[in-house]
Amino acid sequence: MKLLLHICCAPCAVAVADTLISKPGMVLEGVFYNPNIHPAEEFQKRMDTVKIMAGDLDLPVAFFDDNKLDYWKSSLKTDKALRCRTCYSLRLENTAKFARENNFDAFTTSLLISPYQDHELIKSMGYSIANKYGLDFYYEDFRELYRKGREISRARNYYMQKYCGCFYSYSESDHPKKPIYNFEQAFEKNL
Ligand code: SF4
């Protein structure tokens, strides 16, 4: 099977990719498409870490550096359920489009590892988007790999983010090590 893995970040993707690569008959590639990560400085840190991870795993990965901060600011409301639904759909839809254009049989996403995301929604959206693009959605409950992914990431010194990605989630995170970002400035420059 030629499978495309949507990579949300290295700490989520590393154990998933590692597991998938080892399956017999699996040809795995990745795509980094996450226009939900703001500001640009944070986006860069996460993308750079995925590049390191891709090198470590010898995994071919396509990178998209779309930003869409203005879209997030103007179109996505503070209602979390609605906002996250739009966010998943945007990322899975672009992954499916890329998969179809590049002759993959199926796609999946490292979002399925996270106990903090709406797992069932991602799963049902994955199947429905795959169907729309004439592809298969590869579903596996990767949540049991979550701890392993964190351990590998710590051991390899990967950057581990302290909030989900969008500026709403930045405000919602009370992580003591959250980086200090000036979102007013980011909005002015749309970065
Ligand atoms: S909280 Fe996370 S999943 Fe939800 S919109 Fe923000 S970045 Fe996307």
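According to the working numbering, the sequence shown is numbered sequentially starting from 1. Cβ atoms here follow ideal geometry from the backbone N, Cα and C, with glycine treated the same way.
Whole-number beta carbon distance between residue 134 and residue 100, since they are thought to touch under 8 Å: For residue 100 against residue 134, the beta-carbon gap comes to about 7 Å, under 8 Å, which counts as contact.
* With C-beta atoms as the reference, is residue 26 less than 8 Å away from residue 1? -> Taking the C-beta atoms as reference points, residue 1 is found nearer than 8 Å to residue 26.
- Message: DSSP three-state label for residue 107, please.
- Response: Under the three-state reduction of DSSP, residue 107 is assigned to strand.
Contact between the stretch 64-73 and the stretch 29-47: three or more CB pairs below 8 Å? They touch, by the three-pair rule.
What do you reckon, is the C-beta of residue 169 under 7 Å from a heavy atom of the ligand SF4? The ligand SF4 approaches residue 169 closely enough that one of its heavy atoms is under 7 Å from the residue's Cβ.
**Asked** Closest by CA to residue 186, which one among 148, 19, 70 and 146?
**Response** When only C-alpha atoms are compared, the closest one is 70.
Legend entry - Residue range of the unbroken alpha helix (DSSP H) whose run includes residue 69: According to the DSSP assignment, residue 69 belongs to the alpha helix (DSSP H) that extends over 69-75.
- prompt: What's the C-alpha gap between residue 79 and residue 118?
  reply: So the two alpha carbons sit approximately 14 Å from each other.
key: Nearest-angstrom Cα separation, counted from residue 13 out to residue 93   = Spanning the two alpha carbons is a distance of roughly 18 Å.
_Quick check: does the Cβ of residue 30 come within less than 7 Å of any heavy atom belonging to the ligand SF4?_
Incorrect: residue 30 has no Cβ contact closer than 7 Å to the ligand SF4.
**OP:** Return the CA-CA distance between residue 23 and residue 181, expressed in angstroms with no decimal places.
**Re:** Answer to the nearest angstrom: the Cα atoms are 41 Å apart.
Consider the C-beta atom of residue 9 and the heavy atoms of the ligand SF4; say whether any pair is separated by less than 7 Å.
-> No.
TODO: Go through its chain and collect everything with a Cβ distance to residue 138's Cβ below 6 Å, but skip five positions before and after it.
DONE: The answer, listed in chain order, is 3, 106 and 108.
**Asked** Does the Cβ-Cβ distance between residue 145 and residue 16 come in under 8 Å?
**Response** At the C-beta level, residue 145 and residue 16 come within 8 Å of one another.
- Message: Using DSSP's beta-bridge definition, name the partner residues of residue 28.
- Response: 3.
Closest residue to residue 140 among 164, 113 and 165 (Cα-Cα distance):
Minimum Cα distance to residue 140 is reached at 113.
* To do: Take residue 46 and list the residues in its own chain whose beta-carbon comes closer than 7 Å to its own, dropping the five residues that flank it on each side.
  => Excluding its 5 nearest sequence neighbours in each direction, residue 46 has C-beta neighbours in its own chain below 7 Å: 9, 37, 159 and 161, listed in chain order.
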